[in-house]
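Chains as they are written, first to last, in the working numbering: chain A, 18 to 143; chain B, 18 to 143.
Beta carbons: idealized from backbone N, C-alpha and C, even for Gly.
In this text, all values refer to a predicted model and were calculated from it rather than measured experimentally.
Data first, discussion second: the structure below is written as structure tokens.
There are 2 protein chains.
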Amino acid sequence: MSSAPPRLKIAIRILCGDEIAMGPGKADLLDAIVAQGSISGAARAMGMSYRRAWLLVDAMNRCWAEPLVETMPNGAARSGARLSAAGIRLLAHYRALQAAAARLEQGEDWAALQEALLPAPLAHQA
Amino acid sequence: MSSAPPRLKIAIRILCGDEIAMGPGKADLLDAIVAQGSISGAARAMGMSYRRAWLLVDAMNRCWAEPLVETMPNGAARSGARLSAAGIRLLAHYRALQAAAARLEQGEDWAALQEALLPAPLAHQA
């Protein structure tokens with residue numbers, strides 16, 4: 018009888034010109050690079066193509082004063098990657114913004130909205 | 018010499034099943050209905066088709082315990098619309114969530130991110 022609970026989704030995006038310098042997907046990709054130790058491994062873990070992951074990393078690296086992702090200097094194209102010191106620091110600040118935004122779920126505005134929200138949409142009327 | 022300043026965008030969406038019960042565009046549509054007094058006027062003011070505006074209103078009205086938008090009972094299909102008491106109240110709570118999220122721009126995390134963000138992306142490297 019239960020359905021998916023009402024949900025509050027807060028998406029934080031940081032723009033650099035027309036490019037998304039950081040957002041939910043890019044932050045998750047950085048986490049995956051930390052976990053997997055390479056762009057190719059991170060792409061696999063996230064179910065995206067290597068090309069797409071590389072393009073996301075390239076976009077991030079062009080938006081910030083320092084690259085967020087460093088590839089290991091051993092000559093092989095997909096051999097390994099890690100976050101730079103700047104990448105570690107900026108990802109932490111972005112996650113802190115997300116955590117602060119998530120605290121809105123504890124407030125009275127979301128409580129009032131949630132109370133009035135149906136568990137699922139009514140059907141279209143004839 | 019100046020370019021667009023770095024920007025923090027925070028999008029708040031409230032989901033009801035797979036439907037967006039409230040989000041930035043729907044809240045702006047509600048404001049336009051208040052200002053214009055009709056769905057058709059709001060659609061014109063926002064540069065969207067009447068059909069699209071009507072579908073957004075219909076989706077909202079099916080997601081909440083009470084309809085947010087009432088059409089005037091004078092028989093004409095596009096004759097007039099206004100927010101219900103519930104619509105006025107819930108829109109205010111949503112705007113309060115947005116305002117609280119916008120205050121993240123005053124915090125040290127966004128300050129640190131903004132400091133490291135380039136004004137525009139670097140060009141792709143050869």
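- A Cβ-Cβ contact shorter than 8 Å links LEU107 of chain A with ALA133 of chain B.
- When A:PRO84, A:LYS26, A:GLY42 and A:ILE56 are compared, the shortest CA-CA separation from PRO138 of chain B is found for A:PRO84.
- For ARG112 of chain A, the uninterrupted alpha helix (DSSP H) segment begins and ends at 102–119.
- Secondary structure of LEU139 of chain B (DSSP, three-state): coil.
- Shown here, LEU130 of chain A sits in a helix according to DSSP, grouped into three states.
- Excluding sequence positions up to five before and after ALA28 of chain B, its CB lies within less than 8 Å of the CB of GLY40 and PRO41, all in the same chain and listed in chain order.
- Under DSSP, no beta-bridge partner is assigned to LYS43 of chain B.
- If you keep only unbroken beta strand (DSSP E) runs of at least 3 residues inside the region 53–94 of chain A, you get 86–88.
- For ALA140 of chain A, there are no CB contacts under 8 Å within the same chain when 5 residues up- and downstream are skipped.
- A direct Cα-Cα distance of roughly 42 Å separates ARG69 of chain B from ALA82 of chain A.
- In this structure, the beta-carbon distance from LYS26 of chain A to ARG112 of chain B does not fall below 8 Å.
- Considering only beta carbons, the part of the region 24–36 of chain A lying closer than 9 Å to chain B consists of ARG24, LEU25, LYS26, ILE27, ALA28, ILE29, ARG30, ILE31, LEU32, CYS33, GLY34, ASP35 and GLU36, in chain order.
- With respect to the 8 Å criterion, ILE56 of chain B and TYR67 of chain B are classified as neighbours on the basis of their beta carbons.
- Taking a beta-carbon distance threshold of 8 Å, GLY124 of chain A counts as an interface residue toward chain B.
- Nearest to GLY124 of chain B by alpha-carbon distance, out of A:ALA117, A:GLU36, A:VAL74 and A:GLY124, is A:ALA117.
- MET89 of chain A and ARG99 of chain A have their C-alpha atoms some 8 Å from each other.
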